[in-house]
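Engineer: Just so you know, the UniProt record's numbering puts 119 at position 119 of the sequence shown, and the rest follows in order with no gaps.
Here a beta-carbon is modelled for each residue, glycine too, at the ideal position from N, C-alpha and C.
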Amino acid sequence: MGSLGTTTNSSDNQFASHTPESTVAAAQQHLQDHGWAVIPDVLTPEENSRVLSQLWAAADKFRKLGDDTYMPMLDPNAANIRVFYLMALDKIFRDLVQHPVAVEMVEKVLGDNWLISNFTANIARPGSKSMALHSDQSLVMPEPWTSTWALNVIWCLEDVYLENGATLFIPGSDKWTTREDIPSNARSLLKPFEAKAGSIVLMNGRVWHTSGANVTKDKDRALLFGYYTVPFLRQQVNWAAKMPEDVKKELSPELTERLGMNVHANMAQVSLLKYLDEVFPPEEQKEGGGEKLSY
1 MGSLGTTTNS SDNQFASHTP ESTVAAAQQH LQDHGWAVIP DVLTPEENSR
51 VLSQLWAAAD KFRKLGDDTY MPMLDPNAAN IRVFYLMALD KIFRDLVQHP
101 VAVEMVEKVL GDNWLISNFT ANIARPGSKS MALHSDQSLV MPEPWTSTWA
151 LNVIWCLEDV YLENGATLFI PGSDKWTTRE DIPSNARSLL KPFEAKAGSI
201 VLMNGRVWHT SGANVTKDKD RALLFGYYTV PFLRQQVNWA AKMPEDVKKE
251 LSPELTERLG MNVHANMAQV SLLKYLDEVF PPEEQKEGGG EKLSY
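1. Let's test the definition: count the other Cβ atoms within 10 Å of the Cβ of Asn118 and tell me whether it reaches 16, buried, or not, exposed.
2. Should Thr6 be labelled buried (16 or more other beta-carbon atoms within 10 Å of its own) or exposed?
3. Does the beta carbon of Val230 sit closer than 9 Å to a beta carbon anywhere in chain D?
4. Check whether the stretch 187–207 touches the stretch 76–84, taking contact to mean three or more Cβ pairs, one atom from each stretch, closer than 8 Å.
5. Is the beta carbon of Ser147 closer than 9 Å to that of Ile213?
6. Which class does Leu4 belong to by DSSP, given the choice of helix, strand or coil?
7. Threshold first: 3 residues or longer. Then list the beta strand (DSSP E) segments lying entirely within the stretch 157–240, N to C.
8. Which of the three DSSP states, helix, strand or coil, is assigned to Phe119?
9. Could you check what DSSP says for Val247 in three-state terms: helix, strand or coil?
10. Since I believe Phe169 is in contact with residue 311 (beta carbons under 8 Å), could you give me their beta-carbon distance rounded to a whole number of angstroms?
11. Using C-beta distances below 6 Å, list every residue in its chain close to His18, excluding the 5 sequence neighbours before and after it, in chain order.
12. Among Ser211, Lys175, Ser188 and Ala222, whose alpha-carbon lies nearest the alpha-carbon of Ala197?
13. Along the chain, which unbroken stretches of the alpha helix (DSSP H) at least 4 residues long are found entirely within the stretch 49–108?
14. Is it true that the stretch 100–119 meets the stretch 22–32, where meeting means three or more beta-carbon pairs spaced less than 8 Å apart?
15. Please classify Thr229 as buried or exposed, where buried requires at least 16 other C-beta atoms within 10 Å of its C-beta.
16. Taking 6 Å as the limit between beta carbons, can you name the residues of its chain near Tyr161, skipping five residues before and five after?
17. With burial defined as no fewer than 16 other Cβ atoms inside 10 Å of the residue's Cβ, what is the status of Asp67: buried or exposed?
18. Could you tell me the distance, in whole angstroms, from the CA atom of Gln236 to the CA atom of Gln14?
19. If the criterion is Cβ atoms closer than 9 Å, does the pair Val83 and Thr120 meet it?
20. Measuring straight from C-alpha to C-alpha, what distance separates residue 297 and Leu55?
21. So, for Pro244: in the same chain, excluding its five sequence neighbours on each side, which residues have a beta-carbon less than 7 Å away from its beta-carbon?
22. When you compare only the Cα positions, how much space is there between Ile39 and Val153?
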């Protein structure tokens, strides 16, 4: 099967790339070397304002559907507003998760085979506190963590800095492969991801991080987290169960596949099923041209 290369080319996607390729290439190199990168101005001020406005509307809709924006399991108090299932709440988020710059970065890290595991919001209001230190891959797979199988694309909808609750991370922690690698002073090593509104922060699944505390008096910090994984990691959301039926009818074939909503699971669109046939063509083996394989 071929690559789903048309994922970002949908004619009705309201977002397009205006980021220079040199900027994207530099970010890709930094992401490869350090496990994280920042790309500024991925959204225009008008686009950013529109997404932020729709986020607050989505939070209201989320509550009206009976969901709570406070999760005691994650956050010490209700000043952290969590909005889950963004793609089920508004088309703007279904478009944003397929933004060409985001997808280009995802495919640089994960290749052509990837799924959208989740797309959520975390709005840190004044007084919000930090959650537990973790890496995304450490939560879903056993040690050792020797490969990168997940990428977070973090959309900064407001200027993000230490005082208003920037995501905190430990530089170099993407090289840790077991919990024994975590030093006892890990929290003292945390640094903030600081970026302007409209930027994206890329963070691979092996980077240890936590949310920061918002110690300002009146400044919110709204972030969106697009979480992408390789297909063999179970998604955080069962989109076939969660997505409203009317929305399902609007989804492109490409997005339907990326959400894992097709009938066949774990049969990626880009498959190595015929790898041996391509490397050792059957006709060559019949003619004695290839070495016989035994199992």
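Structural biologist: To lay it out plainly:
1. Asn118 is buried by the Cβ-count criterion.
2. With a pLDDT of 39 at Thr6, under the threshold of 50, the modelled position of that residue is not reliable, and no figure is offered here.
3. Looking at the structure shown, chain D is missing, and only one protein chain is on hand.
4. No: the two stretches stay apart, fewer than three of their Cβ pairs being nearer than 8 Å.
5. Per the sequence presented here, residue 213 reads as Ala, with Ile not at that position. Not closer than 9 Å, so no.
6. Here Leu4 scores only 45 on pLDDT, less than 50, and its place in the model should not be relied on; the value that follows carries that caveat. Correct three-state label for Leu4: coil.
7. Here the runs fully enclosed are 200–204 and 221–229.
8. In this structure, Phe119 counts as strand in the three-state DSSP scheme.
9. It is helical.
10. Beyond the ends of the chain as shown, which are 1 and 295, falls residue 311; an answer cannot be given.
11. So the list is empty, once near-sequence residues are dropped.
12. The shortest Cα separation from Ala197 among Ser211, Lys175, Ser188 and Ala222 belongs to Ala222.
13. Complete alpha helix (DSSP H) runs here, min 4: 86–89 and 91–96.
14. As far as the Cβ criterion goes, the stretch 100–119 touches the stretch 22–32, which means the pair count is three or higher.
15. That one is buried.
16. Same-chain partners within the cutoff: Glu194.
17. Classification of Asp67: exposed, given that the 10 Å Cβ count is below 16.
18. Between the alpha carbons of Gln236 and Gln14 lies a distance of about 26 Å.
19. Against a cut-off of 9 Å, the Cβ pair of Thr120 and Val83 comes out as a contact.
20. Absent from the model: residue 297. The displayed extent of the chain is 1 to 295, so no value can be given.
21. Here the set comprises Ala88.
22. So the alpha carbons of these two residues sit roughly 10 Å apart.
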